[in-house]
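So the structure is just underneath, and the comments pick up after that.
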Amino acid sequence: MGEIPAHWEVKRLKFGAELNPSPLEARKLSQDGEVSFVPMEAVGEYGGLDLSRTKPLADVGSGYTYFANGDIVVAKITPCFENGKGALANDLTNGVAFGTTELHVLRALDAVDRKYLFYVTLSDAFRRLGEAEMYGAGGQKRVPEAFVENLKHPLPPEPEQRAIAAFLDRETARIDALVAKKERLIELLQEKRTALITRAVTKGLDPTVPMKD
């Protein structure tokens with residue numbers, strides 16, 4: 002962790018977040034009510050959920066991981082954990098979701114800003130330490146619940162948490178926009194490359210040469 006500002010605290014995650022809240026919370030919904038369904042492929046890297054899938058609560062109420070709006074989900078299986086799969090859940094159908102069992106769910110408690118906590122889970126330190134604690138063999142290694150509960154992390158005062166989260170929102174959005182522009186430029190250059198090759202091998206190098214069918 003290294004040095005931290007003198008006025009910050011260091012706390013274990015279990016004192017700042019509830020881990021894997023009970024799916025019994027969803028009992029307020031009717032069994033035929035629709036909820037978001039989130040398989041692993043719907044969890045983005047470094048944020049974002051594909052919420053295009055829904056299912057009746059009766060179909061997913063058991064055997065899946067439950068979470069609600071405002072909760073943080075973190076993939077626990079390799080290589081999804083190392084690749085940064087995780088998100089801050091929002092806009093869930095009827096406010097709740099059920100998804101892959103390969104998720105840990107964190108719910109920020111009082112005095113902990115949920116978006117700041119989400120960025121903690123995206124940090125390189127969180128991922129490296131979690132990777133070191135994985136158990137299992139081969140492609141079935143998982144981050145244990147005990148690691149998430151007992152991880153010590155820096156905790157600034159709540160106003161500073163919100164300021165840090167807002168700063169990271171702005172800066173990561175700016176970086177994402179630059180990446181998108183670069184990706185579009187790469188696409189255009191690839192299209193130009195293909196067109197250049199096609200023209201050279203079908204029409205030659207001299208544009209003044211007469212053509213025929």
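Per this note's numbering, the sequence shown starts with residue 2, numbered consecutively.
Backbone N, C-alpha and C fix where the C-beta goes; we use that ideal spot for every residue, glycine too.
Given the structure is predicted, the values throughout are model-derived calculations rather than measurements.
Only counting the same chain, and skipping five residues up and downstream in sequence, which positions put a Cβ closer than 8 Å to that of residue i?
| i | result |
| --- | --- |
| T122 | I73, V75, G87 and L107 |
With burial defined as no fewer than 16 other Cβ atoms inside 10 Å of the residue's Cβ, what is the status of residue i: buried or exposed?
| i | result |
| --- | --- |
| D207 | exposed |
| L104 | buried |
| L25 | exposed |
| T66 | buried |
| H8 | exposed |
| A18 | buried |
| G64 | exposed |
Just checking my contact of residue i with residue j at CB under 8 Å: how many whole Å lie between their CB atoms?
| i | j | result |
| --- | --- | --- |
| L39 | T55 | Note on residue identity: the sequence assigns Val, not Leu, to residue 39. No, V39 and T55 are not in contact; Cβ-Cβ is about 10 Å, not under 8 Å. |
| L93 | L58 | Their Cβ separation, rounded to whole angstroms, is 12 Å, which puts L93 and L58 out of contact at 8 Å. |
| V144 | K193 | At roughly 44 Å, the Cβ-Cβ gap does not stay under 8 Å, so V144 and K193 are not in contact. |
The alpha helix (DSSP H) spanning residue i covers which residue range?
| i | result |
| --- | --- |
| T173 | E159 to K204 |
| L58 | L58 to V61 |
| R115 | R115 to L123 |
Where do the N-terminal and C-terminal ends of the beta strand (DSSP E) with residue i fall, by residue?
| i | result |
| --- | --- |
| V149 | Not the beta strand (DSSP E): V149 falls in the alpha helix (DSSP H), residues E146 to N151. |
| H105 | L104 to A109 |
| Y67 | T66 to A69 |
Leaving out the 5 sequence neighbours to the left and right, which residues in its chain are closer than 6 Å to residue i when beta-carbon positions are compared?
| i | result |
| --- | --- |
| R115 | G71 and A109 |
| Q162 | D114 and Y117 |
State the Cα-Cα distance for the pair residue i and residue j, rounded to the nearest angstrom.
| i | j | result |
| --- | --- | --- |
| L130 | P22 | 23 Å |
| A126 | E134 | 12 Å |
| D214 | I198 | 20 Å |
| N151 | L14 | 6 Å |
Output needed for residue i: all residues of its chain with C-beta closer than 7 Å, excluding positions within five of it in sequence on either side, in chain order.
| i | result |
| --- | --- |
| P155 | M2, I5, W9 and V11 |
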